[in-house]
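What follows is one structure encoded as structure tokens, with my remarks underneath.
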């Protein structure tokens with residue numbers, strides 16, 4: 004399905020029509036530059052609304068970037084590493 008979306012986007016992007024202008028406007032209203040990469044990621048569904056857990060602000064960004072994990076979790080590691088059980092000896 005991903006390849007199909009990429010092919011559809013290529014057809015849309017190569018034509019100067021209403022659909023391309025509408026796609027660029029949608030990306031612009033989400034606070035991003037309407038570049039080829041940002042429009043492609045938005046069209047294929049890789050741009051998501053992310054809320055920063057520290058201050059509650061939200062923004063649209065690519066879910067595959069390290070910045071996404073750094074903003075959401077405060078680190079590049081996953082949450083599973085933070086809360087995993089640690090085998091420590093007790094002080095008794």
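Residue numbers (my numbering): 4 to 95. The beta carbon of each residue, even a glycine, is placed where N, CA and C say it ideally should be.
Inter-residue CB distance, residue i and residue j (contact presumed, cutoff 8 Å)
i          : j          : result
residue 62 : residue 53 : 6 Å
residue 65 : residue 50 : 6 Å
Reference residue i, options the options, closest by Cα
i          : options           : result
residue 15 : 33, 49, 42 and 32 : 42
Paired residues, beta bridge with residue i - DSSP
i          : result
residue 51 : 64
Residue i: first and last residue of the uninterrupted alpha helix (DSSP H) it sits in
i          : result
residue 32 : 21 to 32
C-alpha gap between residue i and residue j, whole angstroms
i          : j          : result
residue 31 : residue 46 : 13 Å
residue 36 : residue 17 : 18 Å
residue 27 : residue 48 : 15 Å
residue 7  : residue 19 : 20 Å
residue 2  : residue 21 : The chain is shown only over 4 to 95; residue 2 falls outside these bounds and no answer can be derived.
residue 25 : residue 13 : 15 Å
residue 44 : residue 38 : 10 Å
residue 23 : residue 33 : 16 Å
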